[in-house]
Each structure stands twice: as structure tokens, then as C-alpha cells.
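K.L.:
To convert, count from 1 in the sequence shown and add 24; that's this note's numbering. The structure follows.
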Amino acid sequence: MGKVYFIRHGQASVFSDNYDQLSDLGHQQAKKLGTFLKKEGIEIDQLYCGPLRRHRETVAGILDGMGISQEVTEIDGLKEHQGYSILKKYMAELMEEDAKIRELVNRPWTDFKDQIKHHIRIYEYFSLKWAQGTFNHLISDEFQPWDAFAIAASKAFERVTAETPSGATTLVVTSGGPKAIACGKAMQLDTENILRTSWVIYNCSVSEFLVNSERTSLSTFNHITYLKDKEHRTLV
């Protein structure tokens, strides 16, 4: 039986000019994960990641923590969906179209932590509606629809599992969306529950899949016990 470890990237730089890079904490999370994997005696036979900077930086931190070098295969289907970018670009139109989004945006917030919670509430509500196709008439063709994203992420998961032979260990560094798609395929979840799963996936958390010729099973989900400090356990 092969093992596939799906890892969400470390904390990215939320609210900065470039989200697609690890924060200082994100770099620490990645290195701590590598140290943990080394301590557990996990040896990587194959390593895959998405094409984003935060994926590559997480890989670098993990390998640094493990004290090894490893060839990395990038798969485009392991990149995150474009929901966040769509929300940013079309916020004015969405507020005009949807009373709930309007109400959520206009709620006051106090400090940075409250701002993050405020942002998450808007994003979660929008994501469900977007994945259901509610806002398709507002969004240009430059953005990948949810259905196309889900197909690409599913194919990436199928490729990774197919290329993991019995006895091999594969590491996959990606984002919350593709990781949730992988969990959804293993657990036969619908779109809403795939999205809800993605919202609770911690940065640098580990989910283990067991692979054989008949099936792929989710064995462990969202493992972060190696992050002893609560401040290191982040969703955003």
C-alpha cells in the first residue's frame, strides 16, 4: 500500500501587496513540518507541488527542516481556485447584486483578528454561491469557473495516486482547495461539503491517503499536533 501526504502551504501574506508568498510564520511552519517528518522517519520517494510561489516556498522549508534535497514535480492542477481573486475584482458588482454580501461587507470590525474573521465570513458566503454558479453572469472568461477547477484538481489527485506504487511515500504541497477536492473524492463529498472542508484546513497541516489498486482512502485529516504553539496554528 502506498502513502500520499497532502500538505497545505504555510501561512501566506494575507492583506499584503502580494498574498502569494509565505509570511515569516509561514516559513517557520514549513520548516517545523520538515523537522517533524524527519523525526517521524518519513522518507520521501516522490514530491509534487502546485505552481504557486507559496507552494514552492513551503517545499523549500520542508526540505530544509528535513535536511535533504529532492526533485520536485510541479502540477498545474494543484494550484488554488480563483475565488479570492474573483471576489476582489467584482466586489462592487457583488455588493450591488447580493444583499447578504452587502450586509457582510458593511459590518464593522475592530482589530486585525476581527478583520480576518470579517474577511472569512464574506469569503465563505461568496464561495458557496460562486461554486453553485450563482454569479457566473458577472464573471468574465479570464477566470476559471469552479467546475473547471474541480476537474483539474481531481485529475491532479488521480495522477499523484496513480504514480504512487505500493510501499512508496509521496508528498504533495498544494492549497486548501485542491486538498479539499482530494478529501472529497476519497470521502464522496458534494461541492458544498468540499468547500466547507477547505475552510477548516490549517496551514502546513498533513492529511494522509492510503493507496492501493482498488481504492484510495483518507487515513488522517488536518494533522497539526507538531505545531505546539497555538499561535502557529493558522487557517489564514
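All C-beta atoms in this analysis are idealised placements derived from N, C-alpha and C, irrespective of residue type, glycine included. Just so it is clear, the structure is predicted and the values come from calculations on it, not from any experiment.
1) Check this for me: beta carbons of glycine 50 and glycine 191, under 9 Å apart or not?
2) Run through the stretch 188-226 for me and flag every whole beta strand (DSSP E) of 3 or more residues, listed as ranges in chain order.
3) Excluding the 5 residues preceding and the 5 following leucine 162 in the sequence, name in chain order all residues of the same chain whose CB lies nearer than 6 Å to its CB.
4) Quick one: is valine 224 buried, meaning 16 or more other Cβ sit within 10 Å of its Cβ, or exposed?
5) From the DSSP output, which residues share a beta bridge with tyrosine 72?
6) On a Cα-Cα basis, can you pick out the residue from Gly85, Leu76, Arg126 and Ser93 that is closest to glutamine 70?
7) I'd like to check one pair, leucine 128 with histidine 105: are the Cβ atoms closer than 9 Å?
8) Is arginine 257 helix, strand or coil when you go by DSSP?
9) Skipping 5 residues on each side, what residues in its chain have a beta carbon closer than 7 Å to that of alanine 155?
10) If you drop the 5 nearest sequence neighbours on each side, which residues of the same chain put their C-beta closer than 8 Å to that of glutamate 187?
11) With the cut-off set at 9 Å, would you say isoleucine 31 and valine 184 are in Cβ contact?
12) Could you name the residues of the same chain whose beta carbon sits closer than 7 Å to that of arginine 126, not counting the 5 residues immediately before and after it, in chain order?
13) Return the residue from the list Ile140, Glu166 and Ser237 that minimises the CA-CA distance to proline 189.
14) Could you check where the alpha helix (DSSP H) with lysine 153 kicks off and where it finishes?
15) For arginine 239, name the three-state secondary structure that DSSP assigns.
16) Could you spell out the range, first to last residue, of the beta strand (DSSP E) harbouring isoleucine 31?
P.N.:
Concretely, from the data shown:
1) Not a contact, by the Cβ cut-off of 9 Å.
2) You should have 193-198.
3) Cβ within range, chain order: Tyr114 and Glu117.
4) Exposed, since its Cβ has fewer than 16 Cβ neighbours within 10 Å.
5) In DSSP, tyrosine 72 forms a bridge with Thr97 and Val196.
6) That would be Ser93, whose Cα lies nearest to the Cα of glutamine 70.
7) Their beta carbons are not under 9 Å apart, which means histidine 105 does not touch leucine 128 by this criterion.
8) In the structure shown, arginine 257 adopts coil according to DSSP, grouped into three states.
9) Same-chain partners within the cutoff: Trp170, Thr215 and Leu219.
10) Taken in chain order, the residues that qualify are Gln70 and Thr194.
11) If you check the CB distance, isoleucine 31 and valine 184 do not come in under 9 Å.
12) These residues qualify, in order along the chain: Met119.
13) Of Ile140, Glu166 and Ser237, the smallest CA-CA separation from proline 189 is found for Ser237.
14) Unbroken alpha helix (DSSP H) run through lysine 153: 136-155.
15) Three-state result, arginine 239: coil.
16) Counting along the chain, the beta strand (DSSP E) containing isoleucine 31 begins and ends at 26-32.
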